[in-house]
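Start counting the sequence shown at 673; every next residue gets the next number (the numbering used here).
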Amino acid sequence: MKIIVIGLGSMGKRRIRLLSEHRDIELFGIDSQESRCNEVKEKFGLKCYASIAEVVEAEHPDAAVISTSPLSHAAIIKECLTHNLHVFTEINLVADGYAENMALAKEKRKVLFLSSTFLYRKETQTIIEKANKATCPLNYIYHIGQYLPDWHPWESYNSYFIGNPRTNGCREIMAIDLPWIVTAFGPIKNVSAVKSKNTELNISYNDNYLITIEHENCNKGVLAVDVVTRKSIRHIDVYGEAFQMSWNGTADSLQEYNLETKEMRTIHFDDASEHVDGYAAFITENPYREELNAFLAQIAATTAVPAWTFEKDFELLKIIDQIEA
């Protein structure tokens, strides 16, 4: 299979590295920055092109992985589908072009796969499984935060998409975490938020949110999202009359309360957690690999049902719009 990776920044290079593990995949790169192309050529030995049309004519690829900034996704997805390519895209954060591209993918009979990395983590999958089987209503308190300049220490936060109010840092956190939250606790019935700007960061959007969520099945939660927290945090407590779990965001920190022994026990996983230097401790590589594998599996069997879809995301983005309004 031949796959083009569009956008050769940090995420694009991550996708290339993980796809390179498949010996039957031939990769090509596209990026407008010559320095990125040269780096990918040197590091991975990839041939790089200037445009989608050029690589399609020269190499006849089967699929594309889009790792550019979110506001560019809609047009690139449309162009890839027009060239009869299966498409994997990073999270979009906005619903630009959703209806048109979903219809085009259906017309072309091509896979349109949306990244939702936390649905592929063993820890969140375990919480989802146990929450879905719970026999009592559940509450949760979930705090995700990291100081914005620490997201990409190698570049200014104003130099990439999290500086843009439409694709801001808090919105990205919500778009990353709400898919697994609604999968675990059910569709959202009501949502309300208190938000403000508590920092002197050079941004024109709210930097912290306290969100209350009511789910359709009587579960409810408090979600605290911010780009203020100086020590990065990802912590959730889930509890009910016969249920209690907690997670600190890392592979070794998922715990469950044993009703008989009245103690919290750590849930261990067989596979080792892989971490890349420069990212927060709770950012691990395994889920990125698993969602790419799910994309490849869906190409092989187009009837496969992905963990997250454009249709689901379209509805969730409306809720995030409501939270931000």
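All C-beta atoms, glycine included, are put in the ideal place defined by N, C-alpha and C.
Since we're looking at a predicted model, the values are computed, not measured.
Enclosing alpha helix (DSSP H) for residue i [first to last residue]
i: A856; result: G841 to F857
i: L688; result: The question names Leu, but residue 688 is Ile in the sequence shown. Where I688 is concerned, the enclosing alpha helix (DSSP H) stretches over S682 to L691.
i: K802; result: K794 to N804
i: I860; result: Counting along the chain, I860 falls outside any alpha helix (DSSP H), though it belongs to the beta strand (DSSP E) covering I860 to S868.
Per DSSP, cross-strand counterpart(s) of residue i
i: L719; result: Per the sequence presented here, residue 719 reads as Lys, with Leu not at that position. Bridge partners of K719: F700.
i: Q1053; result: No answer is possible for residue 1053: the residues shown for the chain start at 673 and end at 997.
i: Y812; result: G893 and V910
i: V677; result: G701 and V737
i: D898; result: G817 and N880
i: T975; result: None, per the DSSP bridge assignment.
i: I905; result: G817
i: L786; result: T761
i: Q970; result: Looking at the DSSP assignment, Q970 forms no beta bridge with any residue, so it has no partner.
Proximal residues to residue i (C-beta, below 6 Å), its chain only, five neighbours per side dropped
i: D909; result: I813 and S918
i: H907; result: H815 and N920
i: L989; result: A767
i: T796; result: F790 and W852
i: E886; result: K861, N862 and K892
i: S682; result: none
i: V888; result: Looking at the sequence provided, one finds Glu at residue 888 rather than Val. Cβ within range, chain order: G858, P859 and K861.
Enclosing beta strand (DSSP E) for residue i [first to last residue]
i: A997; result: Note, A997: premise wrong, no beta strand (DSSP E); not H, not E.
i: A923; result: Note, A923: premise wrong, no beta strand (DSSP E); not H, not E.
i: Y832; result: Where Y832 is concerned, there is no enclosing beta strand (DSSP E), given that its DSSP letter is neither H nor E.
i: N880; result: N880 to H887
i: N874; result: Run containing N874: none; DSSP gives neither H nor E here.
i: E932; result: Taken as a continuous stretch (DSSP letters only), E932 belongs to no beta strand (DSSP E), as it is neither H nor E.
Own chain, CB closer than 8 Å to residue i, minus 5 neighbours either side, in chain order
i: T938; result: D924, S925, L926 and Q927
i: S876; result: P837
i: Y951; result: Bear in mind that a pLDDT of 48 at Y951, under 50, signals an unreliable position, so the number given afterwards is only what the model happens to contain. Cβ neighbours of Y951 beyond the five flanking positions: none.
Beta-carbon contacts of residue i that lie in its chain and below 7 Å, excluding the five residues immediately before and after
i: L873; result: L820 and D879
i: S868; result: N878 and N880
i: R686; result: Y960
i: S794; result: The sequence given here has Lys at residue 794, not Ser. Same-chain partners within the cutoff: F941.
i: I697; result: M673, I675 and L691
i: A976; result: A969 and Q970
is_contact[residue i, chain B] using C-beta, thresh 8 Å
i: L968; result: No chain B appears in this structure, which consists of one protein chain only.
Kindly provide the ranges of any beta strand (DSSP E) runs that are 3 or more residues long and lie completely inside the region 730-783, ordered along the chain. Listed in chain order, they are 735-738 and 758-761.
Whether or not the region 890-900 and the region 841-859 are in contact is what I'm after, with contact meaning three or more pairs of Cβ atoms, one per stretch, closer than 8 Å; do they touch? For the pair of segments examined, the region 841-859 was found to touch the region 890-900: the number of CB pairs separated by less than 8 Å reaches three.
Three CB pairs or more closer than 8 Å across the region 818-825 and the region 751-769: No, the region 818-825 is not in contact with the region 751-769.
Measuring CB atoms only, is the region 741-756 touching the region 832-844, in the sense that at least three cross pairs come out at less than 8 Å? Because the criterion of three Cβ pairs below 8 Å is met, the region 741-756 and the region 832-844 touch.
Does the region 751-759 come within contact of the region 778-789, defined as at least 3 CB pairs closer than 8 Å? With three or more CB-CB distances shorter than 8 Å, the region 751-759 counts as touching the region 778-789.
Three or more C-beta pairs closer than 8 Å, one from the region 718-736 and one from the region 699-708: is that the case here? The region 718-736 vs the region 699-708: in contact.
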